[in-house]
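Undergrad:
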Amino acid sequence: MRPGMVLLSPGVPGTDWTSLTLEHPIWSYPGVRRPFPTREDFLCYVDAFARDQGIEVTERAEAVAARRTPEGFAVAVNGGVIPCRFLVIATGSASVPRYPEIPGIAGNPHVQHSGDFLNCMAYDRKRVLVIGGGNSAAELCIELAGTAHTTMCTRAPLRYFSESGELDHIRGTSESVLKELFRFGILSLREADPVVSLSEGTAAFASGAREVFDWIVCATGYCPRWIPVEGGTVDLGERGYPRISTVGESSVPGLYFCGSLAMFHTRCAFIHGFRNYVEKVFWDIADRL
Numbered sequence: 019m020r021p022g023m024v025l026l027s028p029g030v031p032g033t034d035w036t037s038l039t040l041e042h043p044i045w046s047y048p049g050v051r052r053p054f055p056t057r058e059d060f061l062c063y064v065d066a067f068a069r070d071q072g073i074e075v076t077e078r079a080e081a082v083a084a085r086r087t088p089e090g091f092a093v094a095v096n097g098g099v100i101p102c103r104f105l106v107i108a109t110g111s112a113s114v115p116r117y118p119e120i121p122g123i124a125g126n127p128h129v130q131h132s133g134d135f136l137n138c139m140a141y142d143r144k145r146v147l148v149i150g151g152g153n154s155a156a157e158l159c160i161e162l163a164g165t166a167h168t169t170m171c172t173r174a175p176l177r178y179f180s181e182s183g184e185l186d187h188i189r190g191t192s193e194s195v196l197k198e199l200f201r202f203g204i205l206s207l208r209e210a211d212p213v214v215s216l217s218e219g220t221a222a223f224a225s226g227a228r229e230v231f232d233w234i235v236c237a238t239g240y241c242p243r244w245i246p247v248e249g250g251t252v253d254l255g256e257r258g259y260p261r262i263s264t265v266g267e268s269s270v271p272g273l274y275f276c277g278s279l280a281m282f283h284t285r286c287a288f289i290h291g292f293r294n295y296v297e298k299v300f301w302d303i304a305d306r307l
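Start counting at 1 in the sequence shown, then tack on 18, and there's your number in our numbering.
#1: Just the C-alpha distance for Glu256 and Val99, rounded to the nearest angstrom, thanks.
#2: According to DSSP, simplified to helix, strand and coil, what is Phe282?
#3: Should Asp34 go down as buried or exposed, given a rule of 16 or more other Cβ atoms within 10 Å for buried?
#4: Three-state secondary structure (DSSP) at Trp244?
#5: Within this structure, are the beta carbons of Phe243 and Val114 separated by less than 8 angstroms?
#6: Three or more C-beta pairs closer than 8 angstroms, one from the region 80-93 and one from the region 102-117: is that the case here?
#7: How would you call Thr169, buried or exposed, if buried means at least 16 neighbouring beta carbons within 10 angstroms?
#8: For Tyr295 versus Cys286, is the C-beta distance shorter than 8 angstroms?
#9: Indicate whether the contact test is met: 3 or more Cβ pairs, each with one atom in the region 262-281 and one in the region 130-141, closer than 8 angstroms.
#10: For Glu74, which of Ala81, Asp65, Glu80, Val82 has the nearest alpha-carbon?
#11: Identify the residues that DSSP records as bridge partners of Asp139: which are they?
#12: Expressed to the nearest angstrom, what Euclidean distance is found between the alpha-carbon atoms of Tyr178 and Ile160?
#13: Provide the residue span of the alpha helix (DSSP H) that contains Arg69, from first to last.
#14: Which two residues bound the contiguous beta strand (DSSP E) that contains Glu229?
Here's what the structure looks like:
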């Protein structure tokens, strides 16, 4: 997080955060600026919580692998091994960029993933194609509007949260802003007209149309990945996510998944969705201690 960054600001596209606490919004705590805390407020809160609860936090120690032991697990980190009875993996699902299966996309110098997008000014007056129909694609298009000549391309009709109630559909201010940008022709839309092939910067669409772009940005999500666990096989479910019980335990006894890696429900891809399931994981572990 950038110094001075403001969190929990649903009024701005791209910063639609909700409270990271289970029961009490962070702004209810003394000393937090309202209505939305800064990065510094949040870090102070996390530090105070760790001290109050006696949580031992090891920083700058990347976990690289784990193995089963008679006592539970041994987790290899930079510079040593941490033993534990239970292991909870909560490293997020935005690990490996997912690209659409389009002929000509691999190794194409005109193609990049939305995860590599830094600043709209890098695309000033360029022709940009954004592939995707979700929140990331919407936020990218909004940021590029007025700077680049931007076209949004989707496989299916656009879906909005106000109509479906699904969190992975375009929601919040992104919905109203995007609709206005389409309405006034500031953004172009190829709805349900996917790219079927690429040749350098030339995109061929299902409709038969062809267009040349300077950049093609894939806002098509990520594939999950986690540290290897020796001595056990994690059964995989839909889209490569681990199969888990109703309390987050995997097919490896004692190994739990939490956060966006734990697909209790499709909405768990978002903080809004998984925050209420975190408690289930840790209550189950507490009952077994």
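We put the beta carbon where it would ideally sit given N, CA and C, even for glycine.
TA: Reading from the atomic positions:
#1: For the pair Glu256 and Val99, the Cα-to-Cα distance works out to about 32 angstroms.
#2: If DSSP states are grouped into helix, strand and coil, Phe282 belongs with coil.
#3: With a pLDDT of 45 at Asp34, under the threshold of 50, the modelled position of this residue cannot be trusted; read the value that follows with caution. Asp34 sits buried, since 16 or more C-beta atoms from the chains shown fall within 10 Å of its C-beta.
#4: In the structure shown, the three-state DSSP call for Trp244 is coil.
#5: According to the sequence as given, residue 243 is Arg; it is not Phe. Yes. Within cutoff.
#6: Three or more pairs of CB atoms, one per stretch, sit closer than 8 angstroms, so the region 80-93 contacts the region 102-117.
#7: Classification of Thr169: buried, given that the 10 Å Cβ count is 16 or more.
#8: Their beta carbons are under 8 angstroms apart, which means Tyr295 touches Cys286 by this criterion.
#9: In this structure the region 262-281 does not touch the region 130-141; the number of beta carbon pairs closer than 8 angstroms is below three.
#10: Checking every option, the nearest Cα to that of Glu74 belongs to Asp65.
#11: The residue you asked about is not Asp; residue 139 is Met in the sequence shown. Met139 is bridged by DSSP to nothing; it lacks a bridge partner.
#12: In a straight line, the C-alpha of Tyr178 is about 15 angstroms away from that of Ile160.
#13: For Arg69, the enclosing alpha helix (DSSP H) covers residues 57-71.
#14: Per DSSP, Glu229 belongs to the beta strand (DSSP E) from 228-230.
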